[in-house]
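Data first, discussion second: the structure below is written as structure tokens.
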Amino acid sequence: MAVQQEKKPTSPSGGFSALFKKEDYWAVWLGLGIVLISILLWASGSSFMKGIAIKVPTWSEFGTATEYLGKNIPGIIGLFLGFLLLFSIAIKILGHNVSKFVVGFAVLFIFSLFVTVMGSWTVAKDFNLEAPLLALAFGLIIGNFVKIPAWLDSALKTEFYVKTGIVLMGATLPFTLIMKAGPVAFLQATIISVVTFSTIYFAGTRLFGLDRRFASTLAAGGSICGVSASIAIGGAVKADKNYVSVAISLVVVWAVVMIFSLPILIKMFGIDAGPAGAWIGTSEFADAAGMAAAAAIGEQSIKTFTLVKVVGRDMFVGIWAFLMAIISVTQWEKRVDGSKPNAGEIWGRFPKFVLGFFVASIIVTILVASNGDAAQAGIEAAVIKPLKELRNWAFIFTFLSIGFTTRFRDLTSVGWKPFAAFTTGVLVNVPLGFLLSVLVMGNYWANV
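Read left to right, the sequence shown gives residues 1 to 448 (my numbering).
Structure (structure tokens):
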């Protein structure tokens with residue numbers, strides 16, 4: 001299945017223009033921009049952020065939800081226009097059609113409001129269908145039975161929304177906590193990533209006869225951070241575009257399976273929220289999907305999931321891409337041009353939204369530490385809590401986008417060998433994640 005390709009020097013993409021021409025950077029600018037705006041509004045005494053931090057209360061009678069919506073129409077409009085303005089600026093500079101995006105995002109927002117209301121219903125909560133999971137299920141149903149028009153498709157920016165949401169999430173986690181738990185998260189993530197990558201690569205090349213580039217792309221998607229890793233490592237080893245597409249499809253398949261199965265297993269076994277989030281962080285294959293599963297458990301689960309998945313596993317993308325580029329150039333390719341990977345490859349492949357996550361955490365941590373105890377309650381109410389709600393909205397946009405763009409008929413066409421190789425990694429990854437998160441480090445994650 002190997003594809004002969006022209007050998008080109010491995011060089012990182014960059015330059016000043018990259019700061020405004022790449023989605024990764026825009027997720028950082030928008031996330032940090034929202035954080036800074038929140039702080040400035042709090043400092044000026046404004047309650048604007050609290051007004052747009054829409055959170056529908058739990059209801060058993062529909063009138064409770066409609067009454068809340070009726071009283072908060074200005075906040076809902078402000079929330080919509082705020083997101084629309086910021087996203088449209090990025091969309092315009094990134095070179096996409098803003099007119100189509102505006103129309104599509106308006107419809108996406110209405111759908112998001114609908115699933116937010118339905119996710120607050122006591123019946124939905126009884127079945128563990130929190131808003132993120134409901135958004136995914138709703139999107140999958142609509143996306144697989146209704147043709148998505150181009151104007152709506154233009155607003156389904158899955159990676160953009162999830163990266164922005166992760167930057168916002170950084171503002172809700174104290175940097176002191178990240179520094180304390182980060183080394184443990186990184187150690188656990190290292191074990192998981194190395195074992196899972198090796199398993200998928202070995203199964204792909206030795207058991208199922210897949211091309212080395214194909215196997216490494218599959219292994220990256222299953223062991224590091226899903227779609228982003230598949231794209232980054234696929235590019236680093238010059239994998240065929242079809243290999244990357246198949247890897248992304250398998251990431252989506254198993255990510256969707258884990259969204260629903262992990263919360264069920266966690267509640268069946270009575271696992272505490274802390275270890276549960278860490279297990280999701282080691283066993284999920286995509287940030288958005290993992291966040292949906294963690295949200296079904298609770299805020300503590302979201303915290304430990306973030307530490308393991310974002311701080312731990314996502315950090316590997318740049319490093320792993322650089323290592324695989326070296327192997328590809330020096331071992332797999334016939335180097336006729338003397339090209340060599342350089343250290344800039346790490347920066348070129350590194351997920352910039354992870355840095356935005358850290359910066360947001362540092363900013364809010366400094367803000368809290370530099371104010372007295374009396375002011376901290378106000379910061380929590382006027383800055384941190386609203387940012388949590390905005391984060392949740394960004395993730396609901398993400399889960400709807402995943403559902404609308406996932407086609408079951410396309411997922412059945414990947415072939416059994418890639419599926420078998422990836423699934424072999426799943427069969428190792430999930431039990432190993434349980435062992436480390438619940439049995440070995442369970443007490444640690446329960447007290448983070």
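For glycine and all other residues, C-beta sits at the position ideal for the given N, C-alpha and C.
The model shown is predicted, which means the values in this text are computed figures rather than measured ones.
Exercise. Figure out for me which residue from 171, 109 and 273 has the closest Cα to the Cα of residue 446.
Key: On the sequence shown, position 446 is the one that residue 446 refers to. That would be 273, whose Cα lies nearest to the Cα of residue 446.
Self-check item: Cα-Cα separation, residue 404 to residue 203
Solution: By one-based count along the sequence shown, residue 404 stands at place 404. By one-based count along the sequence shown, residue 203 stands at place 203. Roughly 32 Å between the two C-alpha positions.
Quiz item: Which two residues bound the contiguous alpha helix (DSSP H) that contains residue 26?
Solution: Working through the sequence shown from its first residue, we reach residue 26 at position 26. Here the alpha helix (DSSP H) through residue 26 covers 23-43.
Quiz item: Which residues in the same chain have their Cβ closer than 7 Å to the Cβ of residue 64, if we skip the five residues on either side of it in sequence?
Solution: Taking the first residue of the sequence shown as 1, we reach residue 64 at position 64. Around residue 64: 57.
Quiz prompt | Limits of the alpha helix (DSSP H) - the one that residue 163 falls within | solution = Here residue 163 is taken as the residue at index 163 of the sequence shown, counted from 1. Start and end: 158-170.
Practice problem: Locate the alpha helix (DSSP H) running through residue 223, then write down its first and last residues. | Solution: For the purposes of this step, residue 223 is taken as the residue at position 223 of the sequence shown. Start and end: 212-223.
Quiz item: Which residues mark the beginning and the end of the alpha helix (DSSP H) in which residue 309 is found?
Solution: Mapped onto the sequence shown, residue 309 falls at position 309. Residue 309 -> no alpha helix (DSSP H), and no H or E assigned at all.
Quiz item: Just how far apart, CA to CA, sit residue 287 and residue 190?
Solution: Translated into the one-based positions of the sequence shown, residue 287 becomes position 287. Translated into the one-based positions of the sequence shown, residue 190 becomes position 190. In this structure, the straight-line span from the alpha carbon of residue 287 to that of residue 190 is close to 17 Å.
Quiz item: Can you tell which of 354, 379, 353 and 355 has the C-alpha that lies nearest to the C-alpha of residue 365?
Solution: For the purposes of this step, residue 365 is taken as residue 365 along the sequence shown, with counting starting at 1. Checked all of 354, 379, 353 and 355; the closest Cα to residue 365 is 379.
Quiz item: How about residue 221 and residue 247: do their beta carbons lie closer than 7 Å?
Solution: Position 221 of the sequence shown, counted from the first residue, corresponds to residue 221. Position 247 of the sequence shown, counted from the first residue, corresponds to residue 247. Yes, Cβ-Cβ distance for residue 221 and residue 247 is below 7 Å.
Quiz item: Secondary structure at residue 444, three-state DSSP: helix, strand or coil?
Solution: In the sequence shown, counting from the first residue as 1, residue 444 sits at position 444. DSSP places residue 444 in helix when its eight states are reduced to three.
Quiz prompt | Residue span of the alpha helix (DSSP H) that contains residue 279, given as start and end | solution = On the sequence shown, residue 279 is found 279 positions in, with the first residue counted as 1. 273-283 is the span of the alpha helix (DSSP H), which, as asked, contains residue 279.
Exercise. Go through its chain and collect everything with a Cβ distance to residue 1's Cβ below 7 Å, but skip five positions before and after it.
Key: Taking the sequence shown and counting its residues from 1, one reaches residue 1 at position 1. Below a pLDDT of 50, predicted positions are generally treated as unreliable, and residue 1, at 37, falls in that range; no measurement from the model is reported.
Self-check item: Closest Cα partner of residue 368 within the set 140, 171 and 31
Solution: Taking the first residue of the sequence shown as 1, we reach residue 368 at position 368. Just measuring C-alpha positions, the residue of 140, 171 and 31 sitting nearest residue 368 is 171.
Exercise. Compute the beta-carbon to beta-carbon distance between residue 165 and residue 395, rounded to the nearest angstrom, for a pair I have assumed lies under 8 Å.
Key: Translated into the one-based positions of the sequence shown, residue 165 becomes position 165. Translated into the one-based positions of the sequence shown, residue 395 becomes position 395. At roughly 5 Å, the Cβ-Cβ gap stays under 8 Å, so residue 165 and residue 395 are in contact.
Practice problem: Could you check if residue 375 is buried or exposed, using at least 16 other CB atoms within 10 Å of its CB as the buried criterion? | Solution: Residue mapping note: residue 375 aligns to position 375 of the sequence shown, counting from 1. Counting C-beta atoms within 10 angstroms of its own C-beta, residue 375 has fewer than 16 neighbours from the protein chains shown and is therefore classed as exposed.
Practice problem: Given a cut-off of 7 Å, decide if residue 201 and residue 219 are closer than it, judged by their beta-carbon atoms. | Solution: Residue 219 sits at position 219 when you count from the first residue of the sequence shown. Residue 201 sits at position 201 when you count from the first residue of the sequence shown. Yes, the pair counts as a contact, with Cβ atoms nearer than the cut-off.
Quiz item: Where do the N-terminal and C-terminal ends of the alpha helix (DSSP H) with residue 58 fall, by residue?
Solution: Within the sequence shown, residue 58 is the residue found at index 58, counting from 1. For residue 58, there is no enclosing alpha helix (DSSP H), as DSSP marks it with neither H nor E.
Quiz item: For residue 198, which residues from the same chain have a beta carbon less than 8 Å from its beta carbon, with the 5 sequence-adjacent residues on both sides left out?
Solution: Against the sequence shown, residue 198 aligns to sequence position 198. The residues 219, in chain order, have a CB closer than 8 Å to that of residue 198 in the same chain once the five nearest residues on each side in sequence are set aside.
Exercise. Report yes if the C-beta distance between residue 133 and residue 296 is below 7 Å; otherwise report no.
Key: Mapped onto the sequence shown, residue 133 falls at position 133. Mapped onto the sequence shown, residue 296 falls at position 296. Cβ distance < 7 Å, so residue 133 and residue 296 count as in contact.
Quiz item: If you draw a straight line from the C-alpha of residue 68 to the C-alpha of residue 51, how long is it?
Solution: Locating residue 68 in the sequence shown gives position 68, counting from the first residue. Locating residue 51 in the sequence shown gives position 51, counting from the first residue. Using only the alpha carbons, I get a separation of about 12 Å.
Exercise. State the start and end residues of the unbroken alpha helix (DSSP H) segment that holds residue 245.
Key: Position 245 of the sequence shown, counted from the first residue, corresponds to residue 245. Segment 241-269, the alpha helix (DSSP H) holding residue 245.
Practice problem: Given a cut-off of 7 Å, decide if residue 280 and residue 293 are closer than it, judged by their beta-carbon atoms. | Solution: Position 293 of the sequence shown, counting from 1, holds the residue named residue 293. Position 280 of the sequence shown, counting from 1, holds the residue named residue 280. Yes, the pair counts as a contact, with Cβ atoms nearer than the cut-off.
Quiz item: With contact counted as at least three CB pairs below 8 Å, one residue from each stretch, are the segment 137-157 and the segment 86-105 in contact?
Solution: In the pairwise beta carbon analysis, the segment 137-157 is classified as touching the segment 86-105: at least three pairs are separated by under 8 Å.
Quiz prompt | Reference residue 36; option with closest CA among 409, 74, 384 and 122 | solution = Your numbering for residue 36 matches position 36 in the sequence shown. If we check each option's Cα against that of residue 36, 384 comes out closest.
Exercise. Output yes or no for whether 7 Å exceeds the beta carbon distance between residue 438 and residue 275.
Key: Stepping through the sequence shown from its first residue, residue 438 is reached at position 438. Stepping through the sequence shown from its first residue, residue 275 is reached at position 275. Yes.
Exercise. Tell me where the alpha helix (DSSP H) around residue 97 begins and ends.
Key: Within the sequence shown, numbered from 1, the residue matching residue 97 stands at position 97. Element bounds for residue 97: n/a, residue is neither H nor E.
Exercise. Determine which residues share a DSSP beta bridge with residue 121 and list them.
Key: Counted from its first residue, the sequence shown places residue 121 at position 121. The partner list for residue 121 (beta bridge, DSSP) reads 59.
Quiz prompt | Burial state of residue 12, where buried means 16 or more other Cβ atoms lie within 10 Å | solution = Counting from 1 along the sequence shown, the entry for residue 12 is found at position 12. Only weak support is given to the placement of residue 12: the predicted model assigns it a pLDDT of 43, under 50, and the value that follows is read from those uncertain coordinates. So residue 12 counts as buried.
Quiz item: If you run the structure through DSSP and keep just helix, strand and coil, what is residue 352?
Solution: The sequence position of residue 352 within the sequence shown is 352, counting from 1. DSSP places residue 352 in helix when its eight states are reduced to three.
Quiz item: Would you call residue 416 buried or exposed, if buried means 16 or more other Cβ atoms sit within 10 Å of its Cβ?
Solution: Reading the sequence shown from its first residue, position 416 is the one you call residue 416. Classification for residue 416: exposed.
Quiz prompt | Straight-line Cα distance separating residue 381 from residue 235 | solution = The residue you call residue 235 lines up with position 235 of the sequence shown. The residue you call residue 381 lines up with position 381 of the sequence shown. Distance between the alpha carbons of residue 235 and residue 381: 44 Å.
Quiz prompt | Which listed residue (419, 430, 298 and 265) has its alpha carbon closest to that of residue 208 | solution = In the sequence shown, the residue the question calls residue 208 occupies position 208. With distances taken between Cα atoms, residue 208 lies closest to 419.
Practice problem: Please determine, among 285, 80 and 135, the residue with the shortest C-alpha to C-alpha distance to residue 193. | Solution: The residue you call residue 193 lines up with position 193 of the sequence shown. Of 285, 80 and 135, the residue nearest in Cα terms is 285.
Self-check item: Euclidean distance between Cα positions of residue 336 and residue 187
Solution: Translated into positions along the sequence shown, residue 336 becomes position 336. Translated into positions along the sequence shown, residue 187 becomes position 187. In this predicted model, residue 336 has a pLDDT of only 49, less than 50, meaning its place in the structure is not dependable; the value taken from the coordinates is given anyway. Each residue's Cα considered, the two are about 39 Å apart.
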